[in-house]
Amino acid sequence: MKFSKMLLLRLLWQVPIGLIILVIILFSMSGYAISFNSRRTKDVAYVPATSPDFNAERHLLDIYTPRSKSATARPVVVFIHGGAWNSGSKNIYFIIGRRLAKQGVVAVVINYRLAPAVEVPAMADDCARAVLWTSQHIAEYGGDPNRIFVMGHSAGGGLAALVATDDQLFAKFGSAKNPIKGAILDDPGGLDMFDYLSKMQYPGDDSYLVPFGKKPDVWHAVSPIYYLRTDSPPVLMYAGEKTYPGIASSTRRFNERLQALGIKHEFTVLSGKEHIPMVTQLFWKNNIIYRDLLKFVGAKS
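Counting from 1 along the sequence shown, just add 62 to a position and that's the residue number in the working numbering.
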């Protein structure tokens, strides 16, 4: 019985998208209401169409800007969706873009390539390319290229942590510095996949060998915990009290590493929250993550 319950939990982690879509449908009227306070520029390619690996569906992003005028450039949040590294789409998360824009942030919600077509290193490259595109073009949309933050849930949280800490992801694309000023991690997965996949503690863990491959050195190379340094950007991190054991463990250890290095951060465990409600709560404007985020990025709604 215990085995069956754990297997069910693992399967649910891999297919959260249907539940998220259901919540979005239920609250679509809210999305229409807040759309009047923001503008969306949809399906902007962040990789040149001439690039050999260009993907016409996955190398796209949407930009959400406040309709109100601002005398100064606004902070920018790049949101990276979750979906177990094999599913998900920016189109599901339009309400998050709208919510952020309504509260004075320029939001960029991205797609990236997924397994089995690519593995996580290529996904990280895509996220870095999207951030680089943002740093080069976001001023055209009223955003401040010197105040770019990354945010993500689940697999997207792990990718957000990775691009925030691994400067080589930007160096390989010709950038002398990492433009990210901070990371907001919402129940992030994949913070230490080297440890996780080395142990293989839970039923169904072998499914992660599709996005991560079978080489331990690759697991290590895409685990953000090993890139943390004393000069790493600040972090806001949240975990659900009832999230998956792997996420609960890795967020605690990530927090301990942040503390040991003296990196500015806050870590909050949200009482009673499971993994999927950690992102569906972002459909409401007054949740704790938005309240903290607005102060973190210096937004003026």
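Glycine included, each C-beta is placed from N, C-alpha and C at the ideal position.
Every value quoted in this text rests on a predicted model; they were computed, and no experiment measured them.
{"Check": "Beta-carbon proximity of valine 359 to proline 137, cut-off 8 Å", "Outcome": "yes"}
{"Check": "Cα-Cα separation between isoleucine 309 and asparagine 173, rounded to whole angstroms", "Outcome": "23 Å"}
{"Check": "Euclidean distance between Cα positions of leucine 122 and aspartate 105", "Outcome": "5 Å"}
{"Check": "Cβ-Cβ distance between alanine 186 and valine 212 below 8 Å", "Outcome": "no"}
{"Check": "Candidates Val297, Phe316, Met262, Gly302: closest to isoleucine 210 by CA position", "Outcome": "Val297"}
{"Check": "Leucine 162 (DSSP reduced to helix, strand or coil)", "Outcome": "helix"}
{"Check": "Boundaries of the beta strand (DSSP E) in which valine 138 is found, first to last residue", "Outcome": "136 to 142"}
{"Check": "First through last residue of the alpha helix (DSSP H) which encompasses tyrosine 258", "Outcome": "255 to 261"}
{"Check": "DSSP state of serine 14 mapped onto helix, strand, coil", "Outcome": "What is shown of the chain runs 63 to 363, which leaves residue 14 out entirely."}
{"Check": "Histidine 215 at chain C interface by Cβ criterion, 8 Å", "Outcome": "In the structure shown, chain C cannot be found, because there is only a single protein chain."}
{"Check": "Straight-line gap, lysine 335 to glycine 214 (C-alpha atoms, nearest Å)", "Outcome": "17 Å"}
{"Check": "Glutamine 343 burial status per 10 Å Cβ neighbour count (16 or more: buried)", "Outcome": "buried"}
{"Check": "Host beta strand (DSSP E) of tyrosine 300 (start-end)", "Outcome": "297 to 302"}
{"Check": "Exposed unless 16 or more other CB atoms sit within 10 angstroms - verdict on aspartate 293", "Outcome": "exposed"}
{"Check": "Same chain, Cβ closer than 6 Å to tyrosine 289, five either side skipped, listed in chain order", "Outcome": "Thr227, Asp228"}
{"Check": "Three-state class that DSSP yields for glycine 244 in the structure shown", "Outcome": "strand"}
{"Check": "Where phenylalanine 235 falls, given that 16 or more other Cβ within 10 Å makes a residue buried", "Outcome": "exposed"}
{"Check": "Collapsed DSSP secondary structure at aspartate 115 in the structure displayed", "Outcome": "coil"}
{"Check": "Per DSSP, cross-strand counterpart(s) of leucine 332", "Outcome": "Gly302"}
{"Check": "Candidates Leu247, Lys243, Asp254, of which the one nearest threonine 330 by Cα", "Outcome": "Leu247"}
{"Check": "Beta-carbon spacing of leucine 253, proline 286 below 8 Å", "Outcome": "yes"}
{"Check": "Nearest candidate by alpha-carbon position, reference alanine 301, set Arg291, Arg319, Pro339, Trp281", "Outcome": "Pro339"}
{"Check": "Expected contact under 8 Å - CB spacing of isoleucine 142 and alanine 233 to nearest Å", "Outcome": "Their Cβ separation, rounded to whole angstroms, is 20 Å, which puts isoleucine 142 and alanine 233 out of contact at 8 Å."}
{"Check": "Identified DSSP bridge partners for histidine 327", "Outcome": "Val297"}
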